[in-house]
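Residue numbers (the working numbering): 511 to 646.
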Ligand SMILES: [Zn+2]
Ligand SMILES: [Zn+2]
């Protein structure tokens, strides 16, 4: 994901742990999840540290902030353009690599230079569908 040396901020053990946690992580964790996962091993870890580190990484373009989950921001260390599919029950988010040709017509473009797009899909994952059938 990133070369630690090039990040340009002081690597405390807490920050390093957050970077390690994010490296190759495809679960699109929230700050709360990261804090929960790391606070046992790093008792001095705080949600504020997680937030601040994520914000720094986002500003440096090393992590994507996703708004697909209406309840909380989710974070993705994969900064290559891709789309997402979220289960509306368990809020699991998976990557969607289908390429969509979503060119805007001139009217909609309104003289903007369009740099990218992000498509958000919502659905119900197999486990949640199974659980729902079990309840029925
Ligand atoms: Zn689900
Ligand atoms: Zn992703």
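Note that the Cβ used here is the ideal one computed from N, Cα and C, for glycine as well.
Taking the beta carbon of residue 624 as the centre, do at least 16 other beta carbons fall within 10 Å, making it buried, or is it exposed?
exposed
Please name the residue in 576, 529, 556, 525 whose C-alpha comes closest to that of residue 604.
576
Is the CB-CB distance between residue 592 and residue 578 below 7 angstroms?
Result no, Cβ atoms of residue 592 and residue 578 do not sit closer than 7 angstroms.
Compare the C-beta of residue 553 with all C-beta atoms of chain B and state if any pair is closer than 7 angstroms.
No chain B is present in this structure, which holds just one protein chain.
Do you know how far the Cα of residue 606 is from the Cα of residue 542?
Between residue 542 and residue 606, the C-alpha separation is close to 24 angstroms.
What I want to know is whether the C-beta of residue 599 ends up closer than 6 angstroms to one or more non-hydrogen atoms of ligand 1.
yes
Could I get the ranges of all uninterrupted alpha helix (DSSP H) runs contained in the segment 533–609, with 4 residues as the minimum, in chain order?
Residue ranges of uninterrupted alpha helix (DSSP H) with 4 or more members, entirely inside the segment 533–609 and ordered along the chain, are 541–548, 557–569.
Could you give the residue range of the alpha helix (DSSP H) that holds residue 626?
Run containing residue 626: none; DSSP gives neither H nor E here.
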